[in-house]
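Asker:
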Amino acid sequence: MAAHGIPRYTRLGEKTEEVRQQELHKIEKYRELDQSVRDKVAAQQYTPETLQKITELLTSNPEYYTVWNYRRQVLRSEFSRAASAGSEEATGGQIATLIKDDLMFLIPLLRSFPKCYWIWNYRTWLLDEAKRLLPVPTARKFWQEELALVGKMLSLDSRNFHGWGYRLFVVETLRELRSEELEEKDMTRTEFEYAKKMIGANLSNFSAWHYRTKLIQRLLRENSASDEERRKMLDDELDLIHRALCDPYDQSLWFYHQNLMCTFDPSVAGQTLAPNLSDSERLDYLRREIEEIQEMLDGAEDCKYIYQALIDCTMLSWKVEGREPSGEPKTQVLGWLSELKKLDPLRHQRWLDFEQSLCR
Amino acid sequence: MSLTSGPANAAGAQSNLNLSVERHVDYIKNLDSRRDELEYWLTEHLRLNGVYWGLTALHLLGRPETLPREETINFVLSCQRENGGFGAAPGHDAHMLYTVSAVQILVMLDAVDELEKRGLGGKEKVGTFIAELQDKESGAFMGDEWGERDTRFLYGAFNALSLLGLLDTVDVSKAVSYIQSCENLDGGYGIQPGAESHAGQVFTCVGALTIAGRLDLVNRDRLGGWLSERQVDNGGLNGRPEKLPDACYSWWVGASLAMIDRLHWIDGGKLATFILRCQDSEAGGIGDRPGSMVDVFHTHFAIAGLSLLKFDGVKEIDPAYCLPKTITMKCLS
Numbered sequence: 001m002a003a004h005g006i007p008r009y010t011r012l013g014e015k016t017e018e019v020r021q022q023e024l025h026k027i028e029k030y031r032e033l034d035q036s037v038r039d040k041v042a043a044q045q046y047t048p049e050t051l052q053k054i055t056e057l058l059t060s061n062p063e064y065y066t067v068w069n070y071r072r073q074v075l076r077s078e079f080s081r082a083a084s085a086g087s088e089e090a091t092g093g094q095i096a097t098l099i100k101d102d103l104m105f106l107i108p109l110l111r112s113f114p115k116c117y118w119i120w121n122y123r124t125w126l127l128d129e130a131k132r133l134l135p136v137p138t139a140r141k142f143w144q145e146e147l148a149l150v151g152k153m154l155s156l157d158s159r160n161f162h163g164w165g166y167r168l169f170v171v172e173t174l175r176e177l178r179s180e181e182l183e184e185k186d187m188t189r190t191e192f193e194y195a196k197k198m199i200g201a202n203l204s205n206f207s208a209w210h211y212r213t214k215l216i217q218r219l220l221r222e223n224s225a226s227d228e229e230r231r232k233m234l235d236d237e238l239d240l241i242h243r244a245l246c247d248p249y250d251q252s253l254w255f256y257h258q259n260l261m262c263t264f265d266p267s268v269a270g271q272t273l274a275p276n277l278s279d280s281e282r283l284d285y286l287r288r289e290i291e292e293i294q295e296m297l298d299g300a301e302d303c304k305y306i307y308q309a310l311i312d313c314t315m316l317s318w319k320v321e322g323r324e325p326s327g328e329p330k331t332q333v334l335g336w337l338s339e340l341k342k343l344d345p346l347r348h349q350r351w352l353d354f355e356q357s358l359c360r
Numbered sequence: 001m002s003l004t005s006g007p008a009n010a011a012g013a014q015s016n017l018n019l020s021v022e023r024h025v026d027y028i029k030n031l032d033s034r035r036d037e038l039e040y041w042l043t044e045h046l047r048l049n050g051v052y053w054g055l056t057a058l059h060l061l062g063r064p065e066t067l068p069r070e071e072t073i074n075f076v077l078s079c080q081r082e083n084g085g086f087g088a089a090p091g092h093d094a095h096m097l098y099t100v101s102a103v104q105i106l107v108m109l110d111a112v113d114e115l116e117k118r119g120l121g122g123k124e125k126v127g128t129f130i131a132e133l134q135d136k137e138s139g140a141f142m143g144d145e146w147g148e149r150d151t152r153f154l155y156g157a158f159n160a161l162s163l164l165g166l167l168d169t170v171d172v173s174k175a176v177s178y179i180q181s182c183e184n185l186d187g188g189y190g191i192q193p194g195a196e197s198h199a200g201q202v203f204t205c206v207g208a209l210t211i212a213g214r215l216d217l218v219n220r221d222r223l224g225g226w227l228s229e230r231q232v233d234n235g236g237l238n239g240r241p242e243k244l245p246d247a248c249y250s251w252w253v254g255a256s257l258a259m260i261d262r263l264h265w266i267d268g269g270k271l272a273t274f275i276l277r278c279q280d281s282e283a284g285g286i287g288d289r290p291g292s293m294v295d296v297f298h299t300h301f302a303i304a305g306l307s308l309l310k311f312d313g314v315k316e317i318d319p320a321y322c323l324p325k326t327i328t329m330k331c332l333s
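Residue numbers (full-length UniProt numbering), protein chains in the order written: chain A, 1 to 360; chain B, 1 to 333.
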């Protein structure tokens, strides 16, 4: 869409006449191609030749959403031609080839324009057509290959927003299309391993941590996990994040930590991996958490996230106990807060607001 | 602009850099005279959005009359399709994104009645196009007949329909539940249920909730904390943890903070300075980062960001609608 991260060219005066003429020529050719595609579609000439022209146009401009719609129309027409052609098997084969070829056409485009919404949309549509028109085993094969593709895309850009959203969608569809011998929880387990691998490759990848949060809950639900098993999972996650936080300056890790702390917040615990902890269990966890985080301060006294987490955990324990801030713990919170105000000048007003709410 | 003084505070932000108002006005005014550049033709799919971005920026810069009114209205109407929706340019397919821009432009030009006089079936027809894109089961909205779902479209639908006085033609409470299903434990919102929080999506969800009068559903402190952490050391804002800052997030993050009354949780002076450093102060226009190519999208959202900060010389913007405040006050009263 808009120019992102493209360096500003230095203006070297007016363009030469030759360069200007070349550009005008390009414009003329582009507009001719555009017009010819529009004419053919208006005349409902849904032919391989039209498809070829559409391919050319989209290759020079993949953001041209209307032309993606034209492509869908041509493909739909080819699908129905295939359907009237012969046996069910021959029809399926033809449609599968059409879809396969079109998926191939998209690969280099996605590689060059990984953030273009319209290409991803079109690809989704195409795969949905496979689901709609082909026998389940054939459709499943397409979607399975898609999972491998999105894995490749994410290894090139591990934070690509479209890539992660797309992965979610592909996995959802594969759940629908799965064969009977494959259990749903096996898929969740595989995805969980994937998120783990991505986190292992880069601890700062919050997209992968986020995915992990969602998968853990799904895993526990699918296994009808007992409260005991859930607590075990929680303990493992706390262990993991504490080990990861040997680099306490990484924001992504602290957001995952914050997600885990929600388990001890009575008002949102219902949405977390261990919803049924008792209040005294919550307080025990929080007490240990505060000790653990305080130890992180050693050598990282300038790390604002640590103070923030200490305050959050302390406030949370007051919330569980249902009591107002007072005495020694309150003094301690005010101490951490004064460090935060020094270390985090950008959000100075946020900390002042908090201070005010504390001293009301 | 005078040098920054006093404590860091978002409101009334100042910077020692100037906003090159004249250059930006000229840049926007000349966008349509660049037909001898290939880029002009390759971006035809953004034309109607471009008019909205340019026109809003001009309003904020105090030059609402810069684009010829009649010609602009004619162009907007020439983009309408038989189904009542609008495409990006004449002959392009109708889509939610352009339909919303069309409505916003007509509202800014006080020309919604042109839909009755010259459009196809008046504003009701436009409303019907939008309303039919709602998925009756989930409450979500699609972008067009091909079915892509994204909280951007839900916000767009609420924005345009409420400006037209037709919000009651859709199932608002179902849409609100859908937004809630996109909420994450960090207080933010994703593009669909289960997706990671993203500042752009936070804007669309909080904007839709503001329009629906349901801000009570937002965890303001939690979300405000997440949003304020978008500010990085150079003053700019990013869209997700550990990502690079970008001038357009001045809007997505800034407007979200403004809607939940937490805009003062970031350093407005430093943000203003970052935005001003993204300007091309010779040729006009603003890019995503200092030294980047400019475009009208970033020019608009950067100026809108300055407006939120009450930057000297920039008119006030409505954070829920991304339109000049005077316009929404008049339209929605």
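Where is the CB? At the ideal position from N, CA and C, for every residue including glycine. Predicted, not measured: the structure shown is a model, and the values here were computed from it.
(1) As a quick exercise: from A:Asp312, A:Met153, A:Gly322, A:Arg323, pick the residue whose alpha carbon is nearest that of A:Leu337.
(2) Could you give the distance in angstroms between the alpha-carbon of B:Leu38 and the alpha-carbon of A:Pro62?
(3) Hey, A:Leu245 and A:Leu238: beta-carbon distance below 8 Å or not?
(4) Under 8 Å between C-beta atoms, does B:His92 make it to chain A?
(5) For the stretch 256-269 of chain A, which residues have a CB atom closer than 8 Å to at least one CB atom of chain B, in sequence order?
(6) If you measure beta-carbon to beta-carbon, which residues of the stretch 48-68 of chain A are closer than 7 Å to chain B?
(7) Along the chain, where does the alpha helix (DSSP H) that runs through A:Trp120 open and close?
(8) Within 8 Å of any Cβ in chain B, is that where the Cβ of A:Phe206 sits?
(9) Please list the residues of the stretch 165-179 of chain A that have a C-beta atom closer than 7 Å to any C-beta atom in chain B, keeping them in chain order.
(10) Leaving out five residues before and five after B:Ala94 in sequence, what residues of the same chain have Cβ atoms less than 7 Å from its Cβ?
(11) For A:Thr47, count neighbouring Cβ atoms within 10 angstroms of its own Cβ and tell me buried if that reaches 16, exposed if not.
(12) Have a look at the DSSP bridge pairing and note the partners of B:Tyr189.
(13) Determine the DSSP secondary structure at B:Phe286, reduced to helix, strand or coil.
(14) Is it true that the CB of B:Ala255 sits closer than 8 Å to the CB of B:Glu13?
(15) From A:Val320 to A:Gln251, what distance separates their C-alpha atoms?
(16) Please return the same chain residues whose Cβ sits closer than 6 Å to the Cβ of B:Lys174, not counting the five positions on each side in sequence.
(17) So, using beta-carbon positions, are B:Asn238 and B:Arg230 closer together than 8 Å?
(18) Within its chain, find whatever has a CB closer than 7 Å to the CB of B:Gly121; leave out the 5 residues flanking it on each side and keep chain order.
(19) Just to confirm, are B:Gly190 and B:Gln201 a CB contact at a threshold of 8 Å?
(20) Using a Cβ-Cβ cutoff of less than 8 Å, which residues in the same chain neighbour A:Val171 once the five nearest sequence positions on both sides are dropped?
(21) One question on the structure: do A:Leu75 and A:Asp34 come within less than 8 Å of each other, judged by their Cβ atoms?
(22) Between the stretch 217-227 of chain A and the stretch 168-182 of chain A, can you find at least three pairs of beta-carbon atoms closer than 8 Å?
(23) Taking its Cβ as the centre, do 16 or more other Cβ atoms sit within 10 Å of B:Asn16, making it buried, or is it exposed?
(24) Classify B:Met259: buried if its beta carbon has 16 or more other beta carbons within 10 angstroms, exposed otherwise.
(25) So with CB distances below 9 Å, who are the chain B contacts of A:Ile27?
(26) With DSSP collapsed to three states, give me the class of A:Gln44.
(27) Please decide whether A:Trp125 counts as near chain B, where near means a Cβ-Cβ distance under 8 Å.
(28) How long is the line joining the alpha carbons of B:Arg149 and A:Ile290, rounded to whole angstroms?
(29) List the residues of chain B whose Cβ lies closer than 8 Å to the Cβ of A:Pro7, in chain order.
(30) So what's B:Phe141 in DSSP terms, helix, strand or just coil?
(31) What would DSSP say about B:Ser292, mapped onto helix, strand or coil?
(32) Going by the beta-carbon positions, is the gap between A:Arg347 and B:Ile266 smaller than 8 Å?
(33) What are the complete alpha helix (DSSP H) segments, minimum 4 residues, inside the stretch 237-325 of chain B?
(34) With a threshold of 8 Å, are at least 3 pairs of Cβ atoms found where one atom belongs to the stretch 113-120 of chain A and the other to the stretch 49-62 of chain A?
Answerer: On the basis of the coordinates in this document:
(1) A:Asp312
(2) 15 Å
(3) no
(4) yes
(5) Gln258, Asn259, Cys262, Val268
(6) Asn61, Glu63, Tyr64, Tyr65, Thr66
(7) 117-133
(8) yes
(9) Gly165, Leu168
(10) Arg81, Asn83, Gly85, Phe86, Gly87, Phe129, Asp144
(11) exposed
(12) B:Glu183
(13) Before going further, note that residue 286 of chain B is Ile rather than Phe in the sequence given. Of the three classes helix, strand and coil, the one that applies to B:Ile286 here is strand, per DSSP.
(14) It should be noted that the sequence gives Ala, not Glu, for residue 13 of chain B. Taking 8 Å as the Cβ cut-off, B:Ala13 and B:Ala255 do not qualify as a contacting pair.
(15) 26 Å
(16) Gly139
(17) yes
(18) Gly84
(19) yes
(20) Leu147, Met187, Glu191
(21) no
(22) no
(23) exposed
(24) buried
(25) Arg35, Asp36, Glu37, Leu38, Tyr40, Trp41
(26) coil
(27) yes
(28) 42 Å
(29) Gly291, Ser292, Met293
(30) strand
(31) strand
(32) yes
(33) 249-259, 268-277, 296-308
(34) yes
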